[in-house]
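Asker: Residue numbers (full-length UniProt numbering): 1 to 419. Even glycine gets a Cβ: it sits at the ideal position worked out from N, Cα and C. Predicted model, so just to flag it, every value in this text is computed and none were measured.
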């Protein structure tokens, strides 16, 4: 009698992908070392998109050195509530950027669709990184058409329709007369689509941005702006569509406070995949407005600050996430991370040290692959793709890969090089 012992390898690959995608992120990374079949399934774009839909929300904590630049960052999952006012138990991974870039002055721009964008202050170089896959690529600095550039900001986002990742460089053009800087403020906008090798100049805009980093939401990125460049208080929201590369003005929520504290007390965020505005300019209350479909603002959160002790008075407060128990997680630049409980009307502080970003893990590999559009053979003349403890140097002519050891991190904790 012939007995057939069934195994998971007998299942169709799409069923195996569905099963593995439900596992915790750490377990999925370890599954890549089980066999080549698992590694192939997990490296597929279909699996990456499937896992992204089920991936729990995360926080990226941007740690600074004594000079105020990036020294390291950690990725912390929010699948359950932080334990004993600490995110340590929820920590998924940590990167020490000073080991790879000891002299670089790095800033974390934002997180978009699982990838992080970092910029270097002096050279304006941009680094795109997948923290879970531990891969990154360095882009060339933008080619400014004007020499009188006095301020450079960046944005990073993902196009859901085309699947492209794009970096936007916004350069403030200094007028000939310094006294007219506010009234004649202009932004030169350049776009870099990853995989195209070039920056494209798409024109100039006369908006003054409030805040260095925009907020990416559903294929667009949003900034607080004032159109005339003469007021400190923002008067509208400016959006940039990564797919069409067109801009649009969005009105502020109704009953928006225009007092002296509005500039320092208004922030943009994301709540349930929608743009939100957090208004903390009043001494008595805090309001969070959410932009619904059709461009309608709805006030979903209202907190009486007078009933709480030690609430940030008129500082910028950013809403980050809604926890499983209904608490809302927020970040204040001066008081770090805290949550608010609506039933108990109380706040709970967490032990963090650094700037906090929203993030979602993605297992899309930053590799030279036909099914992945984030990188191609032609991003740079000499592209250095750092992956799994090695450096892959891509020759643009012969398209040959040569592996070199890299000391950025010890990948043995995450993946076995022999598997």
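From this set, 153, 317, 116 and 295, which residue's C-alpha is nearest residue 303's C-alpha?
Answerer: For the residues 153, 317, 116 and 295, the minimum Cα distance to residue 303 belongs to 317.
Asker: By Cβ distance, which residues of its chain are closer than 8 Å to residue 125, with the 5 residues on each side in sequence left out?
Answerer: Closer than 8 Å at the Cβ level, and outside the excluded window around residue 125, lie 119, 138, 139, 140 and 141.
Asker: Once the 5 residues before and after residue 301 are set aside, which same chain residues still bring their CB inside 6 Å of it?
Answerer: Taken in chain order, the residues that qualify are 288.
Asker: Using the Cβ count rule (16 or more neighbours within 10 Å means buried), how would you classify residue 204?
Answerer: Its Cβ having fewer than 16 others within 10 Å, residue 204 is exposed.
Asker: So residue 136 is in the beta strand (DSSP E); what residue range does that whole segment cover?
Answerer: Its beta strand (DSSP E) spans residues 135-139.
Asker: Which residues does DSSP list as the beta-bridge partners of residue 109?
Answerer: According to DSSP, residue 109 bridges with nothing at all.
Asker: Pick from 283, 320 and 14: whose alpha carbon is nearest that of residue 306?
Answerer: If we check each option's Cα against that of residue 306, 283 comes out closest.
Asker: DSSP state of residue 18, grouped into three classes?
Answerer: Looking at residue 18 - three-state DSSP - the assignment turns out to be helix.
Asker: Please report the straight-line C-alpha distance between residue 13 and residue 40, rounded to a whole angstrom.
Answerer: Looking at the two C-alpha atoms, the distance is approximately 10 Å.
Asker: When we look at the beta-carbon of residue 17 and count the other beta-carbons within 10 Å, is it buried (16 or more) or exposed?
Answerer: When all chains shown are included, residue 17 counts as buried.
Asker: Rounded to whole angstroms, how far is the Cβ of residue 191 from the Cβ of residue 245, which I believe are closer than 8 Å?
Answerer: 6 Å between Cβ atoms; contact.
Asker: Mind checking whether residue 265 and residue 279 have CB atoms under 8 Å apart?
Answerer: Closer than 8 Å, so yes.
Asker: What's the gap between the Cα of residue 26 and the Cα of residue 172?
Answerer: One C-alpha to the other measures close to 42 Å.
Asker: Going by C-alpha distance, which of 248, 106, 295 and 273 is nearest residue 254?
Answerer: Checked all of 248, 106, 295 and 273; the closest Cα to residue 254 is 295.
Asker: For the alpha helix (DSSP H) containing residue 48, list its first residue and its last residue.
Answerer: 45-54 is the span of the alpha helix (DSSP H), which, as asked, contains residue 48.
Asker: Which value, in whole angstroms, describes the spacing of the CA atoms of residue 47 and residue 186?
Answerer: Distance between the alpha carbons of residue 47 and residue 186 is about 43 Å.
Asker: In the DSSP assignment, find the unbroken alpha helix (DSSP H) run with residue 39 in it and report its ends.
Answerer: It spans 36-42 - the alpha helix (DSSP H) in which residue 39 sits, taken as one unbroken run.
Asker: With C-beta atoms as the reference, is residue 221 less than 8 Å away from residue 155?
Answerer: Closer than 8 Å, so yes.
Asker: Work out the CA separation of residue 37 and residue 143 for me, nearest whole Å.
Answerer: Distance between the alpha carbons of residue 143 and residue 37: 44 Å.
Asker: Just checking my contact of residue 271 with residue 319 at CB under 8 Å: how many whole Å lie between their CB atoms?
Answerer: The Cβ separation is near 6 Å, so the contact holds.
Asker: So, with DSSP's three-state summary, where would you put residue 339?
Answerer: Residue state, collapsed to three classes: strand.
Asker: Between residue 62 and residue 321, what straight-line distance do the alpha-carbon atoms span, to the nearest angstrom?
Answerer: Rounded to the nearest angstrom, the two C-alpha atoms are 17 Å apart.
Asker: Taking only three categories from DSSP, how would you classify residue 62?
Answerer: Residue 62: strand per DSSP, three-state reduction.
Asker: Could you please give the first and the last residue of the uninterrupted beta strand (DSSP E) stretch that includes residue 249?
Answerer: 247-250 is the span of the beta strand (DSSP E), which, as asked, contains residue 249.
Asker: Around the C-beta of residue 127, are 16 or more other C-beta atoms found within 10 angstroms, so that it is buried, or is it exposed?
Answerer: Result: buried.
Asker: Kindly list the residues whose CB is nearer than 6 Å to the CB of residue 339, restricted to its own chain and excluding five residues on each side of it in sequence; keep chain order.
Answerer: Result list for residue 339: 327, 329 and 348, in chain order.
Asker: Who are the Cβ neighbours of residue 299 in its own chain at under 6 Å, not counting the five residues just before and after it?
Answerer: Within the same chain, residue 299 has close Cβ partners 287 and 289.
Asker: Which residue's Cα is closest to the Cα of residue 52: 113, 336, 243 and 188?
Answerer: Closest option to residue 52, Cα to Cα, is 113.
Asker: Bridge partners for residue 243 per DSSP, in chain order?
Answerer: None, per the DSSP bridge assignment.
Asker: Roughly how many angstroms lie between the CA atoms of residue 11 and residue 133, to the nearest whole one?
Answerer: About 26 Å.
Asker: Going by other Cβ atoms of all chains shown within 10 Å of its Cβ, with 16 needed for buried, is residue 32 buried or exposed?
Answerer: By the neighbour-count rule (16 or more Cβ atoms within 10 Å), residue 32 is buried.
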